[in-house]
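Same order as they appear, the protein sequences are chains U and Z.
Okay, so the first sequence: first residue is 1 according to our numbering, each after it adds one.
Okay, so the second sequence: first residue is 360 according to our numbering, each after it adds one.
Protein chains: 2
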Amino acid sequence: MIPHSERVTIKHVAKEAGVSTQTVSRVINERPDVAPETRKLVLEVIERLGYHPSELARSLIHRRSFTIGVVTAGLKYTGPNRTLNGITTRAEELGYAILLKELSHFSVEDARPILKFLLARQVDGILWAGPEVGNNRDWLANGLGDIPVPILFLTMEPRPDIPVLSIDNYAGGVLATQHLLDQGCKHIAHLSGPLDWWEARQRKKAWQDTLEKAGCKVEERFSTEGNWSTSSGHVAFQQLRRGYPEMDAIFVANDQMALSVLRLACETGFRVPDELALVGFDDLAESAYFWPALTTIRQNQHELGCRAVGELVGRIEQALNAQISDTQNILIVPELIIRQSSIKGSTAVQSIREVNNGS
Amino acid sequence: MIPHSERVTIKHVAKEAGVSTQTVSRVINERPDVAPETRKLVLEVIERLGYHPSELARSLIHRRSFTIGVVTAGLKYTGPNRTLNGITTRAEELGYAILLKELSHFSVEDARPILKFLLARQVDGILWAGPEVGNNRDWLANGLGDIPVPILFLTMEPRPDIPVLSIDNYAGGVLATQHLLDQGCKHIAHLSGPLDWWEARQRKKAWQDTLEKAGCKVEERFSTEGNWSTSSGHVAFQQLRRGYPEMDAIFVANDQMALSVLRLACETGFRVPDELALVGFDDLAESAYFWPALTTIRQNQHELGCRAVGELVGRIEQALNAQISDTQNILIVPELIIRQSSIKGSTAVQSIREVNNGS
DNA sequence: CTGAAAGCGCTAACAC
DNA sequence: GTGTTAGCGCTTTCAG
């Protein structure tokens with residue numbers, strides 16, 4: 001095992017170099033007012049002793065840690081994972097460390113212990129990056145009054161006086177639905193995510209509004225609810241078939257569920273897209289290789305993470321100058337990626353039914 | 360914006376309560392030697408002022424931060440992502456915070472800045488959780504001599520005197536290959552991951568060894584190299600077909616590439632598994648819904664992360680007691696998940712060829 | 001240019 | 001039971 005050696009402090013360096021700790025401090029902070037030889041000597045000693053200044057002590061003095069607290073949930077889902085990726089990338093660039101806190105459940109009855117945990121470690125700002133699920137934002141009603149650092153929320157319903165950064169799920173839903181309408185689909189169903197998720201509600205509402213705007217009536221039976229998981233798509237698809245037999249397209253709220261719809265459609269003899277056009281949401285790396293390749297909505301969550309850090313750091317710095325940041329909510333618009341699953345008459349759209357009949 | 364209020368310190372509380380800071384300290388540390396009324400009073404003031412003790416100051420004194428530094432890379436890949444998940448879960452349980460550092464590239468010419476960064480923030484231990492790629496472990500040759508805290512490596516080739524925790528990729532490869540042999544496959548090809556990854560080499564070696572042990576000779580043309588990505592599977596599969604036309608099975612080094620093999624096989628008229636049996640590696644959530652459902656090797660990376668934290672914290676505590684931990688390397692054995700893609704004569708294994716011919 | 005003193009927020013070790 | 005003193009590792013005055 002590695003020996004548990006004593007930490008080398010500024011005192012050791014000072015003593016060894018025969019100078020005061022201040023002089024060492026000046027050297028490591030690259031102050032100009034140190035004699036070249038002294039500097040050289042000190043640097044030499046630092047190197048020899050393998051001294052590293054304690055950021056902890058520095059943070060204590062400066063009341064600034066160059067650390068941001070990131071609260072996340074559902075890291076196993078593609079979205080939060082990609083967002084975290086963006087966060088780490090940008091934080092690295094800006095020289096900030098990340099103190100990560102993953103919630104085991106989406107439900108947050110009391111956020112205070114978490115905020116307390118982060119604040120006790122002197123984070124300069126907080127990124128609340130988990131999705132809005134159920135009433136896990138209710139605690140916001142009490143206000144953020146006593147939080148002494150900037151805080152930014154991701155992936156949740158914009159609220160007045162609270163800075164929020166999100167993908168525009170509604171816009172994505174419109175994109176998907178309108179695309180299917182443009183393909184000539186007359187009976188567009190929706191397989192939603194769990195409706196206690198804000199994102200799922202947004203996508204569903206977009207679907208409904210877009211259809212109604214196009215003059216289609218929307219009934220209860222035209223949509224059903226999944227739970228994001230691939231397996232849940234299975235049941236949901238069967239429900240839709242029963243409830244809405246005339247459907248000729250489905251806007252599925254994520255690619256994972258779309259995959260199982262694709263599979264089940266294939267097994268039960270639907271031609272995709274000719275008999276059933278499909279659009280997903282997320283643009284997984286795999287979606288282009290589904291059979292047929294899946295048309296989907298690409299949301300740039302990496303960018304979301306990056307921008308969130310940029311925005312937060314901006315606020316941190318403004319706060320230091322006693323400036324007031326305006327609470328501008330930001331929505332990032334997703335993009336429609338057109339592939340075979342929604343283009344009628346495209347190649348590679350044969351169903352398996354004939355095979356079964358013929359064999 | 361949230362006002363940038365002054366931090367409430369132990370002094371404020373002491374003054375407000377009319378006691379010394381020491382007494383406040385005793386209260387927040389739940390020491391027994393405080394008069395009940397004093398305690399009550401102090402707690403009241405703490406509550407009223409919204410005081411939170413600074414973990415930073417505490418860490419400084421105790422030289423212990425209850426924080427572990429996690430160095431990760433390739434978080435966009437399923438494996439590292441799942442591992443991080445396990446790490447956060449277990450760290451949370453054990454009361455440790457996580458300081459996250461994501462490397463933008465796998466290549467690490469110099470690990471010292473990273474270690475320095477973490478150590479400067481007083482982490483109690485370090486988890487090096489990125490995969491071994493290329494020569495990104497060469498820096499270990501210099502030894503870990505001057506690292507004053509326990510450090511544990513994940514997902515890399517075991518080395519003497521360095522604690523390593525890993526999935527047993529070799530065992531997984533044996534499982535996959537043996538399974539295909541058991542199915543009666545005679546010509547088992549391998550689509551490997553990028554061979555500068557240790558994991559990819561392990562899986563490939565297992566394939567080769569298992570075949571040779573079974574009396575099959577292994578030629579160069581029987582395997583080809585992908586880059587883990589779905590798209591790379593495409594090219595690789597075509598290469599295998601040309602180089603090894605008699606192949607009747609492929610052990611694909613991850614599920615993503617297996618998906619594109621599945622797709623391309625389907626498009627070009629191979630019956631999977633009857634003409635071509637397939638086994639993947641990873642067990643993505645989607646793999647059960649591929650067409651046909653993919654037989655694969657499930658590696659429990661979540662557990663890997665959990666155990667890593669447990670192990671590290673154990674070492675941290677031992678080090679505090681000046682105990683020496685033995686450098687025991689740990690390998691976690693993965694599991695074979697059998698689905699349709701490898702079971703000859705299973706249902707839903709029709710190819711698309713007949714459809715094309717018949718229409 | 002360099003050093004001495006004070007203090008960031010907290011706690012250990014003593015007093016009383 | 002409670003307060004005082006000293007100090008974690010560093011930086012900021014302010015002298016010289």
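Built from N, CA and C at the ideal position, the CB exists for glycine as well.
Member of the options whose CA lies at the smallest distance from the CA of residue i
{"i": "S684(Z)", "options": "P509(Z), F596(Z), R496(Z), V692(Z)", "result": "P509(Z)"}
{"i": "F290(U)", "options": "A624(Z), E634(Z), R657(Z)", "result": "A624(Z)"}
{"i": "V108(U)", "options": "V218(U), V133(U), D282(U)", "result": "V133(U)"}
{"i": "G243(U)", "options": "L195(U), H187(U), R263(U)", "result": "H187(U)"}
{"i": "A573(Z)", "options": "E389(Z), H538(Z), S591(Z), L599(Z)", "result": "H538(Z)"}
{"i": "R307(U)", "options": "P36(U), N85(U), E199(U), R39(U)", "result": "N85(U)"}
{"i": "G125(U)", "options": "S342(U), V313(U), Q340(U), L195(U)", "result": "V313(U)"}
{"i": "E662(Z)", "options": "I446(Z), F629(Z), L599(Z), V372(Z)", "result": "I446(Z)"}
{"i": "A17(U)", "options": "D110(U), Y77(U), H234(U), R48(U)", "result": "R48(U)"}
{"i": "L99(U)", "options": "R121(U), D110(U), N81(U)", "result": "R121(U)"}
{"i": "V218(U)", "options": "N81(U), T177(U), A322(U), W228(U)", "result": "T177(U)"}
{"i": "L119(U)", "options": "C216(U), R271(U), K40(U), S59(U)", "result": "S59(U)"}
{"i": "N136(U)", "options": "K40(U), W198(U), P32(U)", "result": "W198(U)"}
Pairwise C-alpha distance: residue j and residue i
{"i": "Y529(Z)", "j": "G130(U)", "result": "36 Å"}
{"i": "I369(Z)", "j": "F117(U)", "result": "17 Å"}
{"i": "G193(U)", "j": "N501(Z)", "result": "51 Å"}
{"i": "A73(U)", "j": "L320(U)", "result": "29 Å"}
{"i": "V708(Z)", "j": "V668(Z)", "result": "Model confidence at V708(Z) stands at a pLDDT of 41, short of 50, so the residue's coordinates are unreliable and nothing is read from them."}
{"i": "G145(U)", "j": "L115(U)", "result": "12 Å"}
{"i": "V523(Z)", "j": "P517(Z)", "result": "6 Å"}
{"i": "L259(U)", "j": "L140(U)", "result": "36 Å"}
{"i": "D555(Z)", "j": "S591(Z)", "result": "16 Å"}
{"i": "P604(Z)", "j": "D497(Z)", "result": "40 Å"}
{"i": "V533(Z)", "j": "F640(Z)", "result": "12 Å"}
{"i": "P507(Z)", "j": "H52(U)", "result": "12 Å"}
{"i": "G585(Z)", "j": "G531(Z)", "result": "18 Å"}
{"i": "L181(U)", "j": "T589(Z)", "result": "30 Å"}
{"i": "F464(Z)", "j": "E212(U)", "result": "The residue you asked about is not Phe; residue 464(Z) is His in the sequence shown. Using only the alpha carbons, I get a separation of about 48 Å."}
{"i": "I442(Z)", "j": "H593(Z)", "result": "Residue identity differs from the one stated: residue 442(Z) is Thr in this sequence, not Ile. Approximately 28 Å, taken between the alpha carbons."}
{"i": "V638(Z)", "j": "S582(Z)", "result": "14 Å"}
{"i": "D248(U)", "j": "I337(U)", "result": "20 Å"}
{"i": "S341(U)", "j": "T448(Z)", "result": "38 Å"}
Sequence-distant residues of the same chain with beta carbon closer than 6 Å to residue i, five excluded per side
{"i": "S729(Z)", "result": "The structure shown does not extend to residue 729(Z), since chain Z spans only 360 to 718, so no value can be given for it."}
{"i": "G79(U)", "result": "Q301"}
{"i": "I2(U)", "result": "Summary for I2(U): the model assigns pLDDT 32, below 50, so the residue's position carries little reliability; its value from the coordinates is reported in the next sentence. Contacts found: none."}
{"i": "F237(U)", "result": "V261, L264"}
{"i": "I316(U)", "result": "D124, G125, P150"}
{"i": "E365(Z)", "result": "none"}
{"i": "Q318(U)", "result": "S325"}
{"i": "K76(U)", "result": "none"}
{"i": "H380(U)", "result": "Outside the shown range of chain U, which is 1 to 359, sits residue 380(U), and nothing can be said about it."}
{"i": "A189(U)", "result": "F222, L240, Y244, M247, I250"}
{"i": "A470(Z)", "result": "W498"}
8 Å CB neighbourhood of residue i in its chain, flanking five on each side removed
{"i": "A456(Z)", "result": "S424, F425, T426, I427, A450"}
{"i": "N659(Z)", "result": "I526, I691, P693, E694"}
{"i": "K344(U)", "result": "Q183, G184, P273, D274, A277"}
{"i": "D161(U)", "result": "T327"}
{"i": "L453(Z)", "result": "V668, G669, V672"}
{"i": "R339(U)", "result": "S287, A288, P292, A293, L294, T295, T296"}
{"i": "A14(U)", "result": "S20, T21, T23, V24"}
{"i": "I405(Z)", "result": "V372, V383, V386, I387"}
{"i": "G50(U)", "result": "V8"}
Beta strand (DSSP E) segment containing residue i, residue limits
{"i": "L100(U)", "result": "97 to 103"}
{"i": "I702(Z)", "result": "Neither: I702(Z) is in no beta strand (DSSP E) and is coded neither H nor E."}
{"i": "V71(U)", "result": "67 to 73"}
{"i": "W487(Z)", "result": "484 to 487"}
{"i": "T583(Z)", "result": "582 to 584"}
{"i": "E335(U)", "result": "335 to 337"}
The alpha helix (DSSP H) enclosing residue i, as first and last residue numbers
{"i": "I28(U)", "result": "21 to 28"}
{"i": "I10(U)", "result": "10 to 17"}
{"i": "A308(U)", "result": "301 to 320"}
Same chain, Cβ closer than 7 Å to residue i, neighbours up to 5 away in sequence not counted
{"i": "V19(U)", "result": "T38, V42"}
**Message:** So, does the region 629 to 647 of chain Z touch the region 611 to 620 of chain Z, judging by three or more C-beta pairs under 8 Å?
**Reply:** Touching, yes.
**Asked** Do the region 627 to 644 of chain Z and the region 563 to 570 of chain Z meet, that is, are 3 or more Cβ pairs less than 8 Å apart?
**Response** By the C-beta criterion, the region 627 to 644 of chain Z is judged not to be in contact with the region 563 to 570 of chain Z, since fewer than 3 inter-stretch pairs fall below 8 Å.
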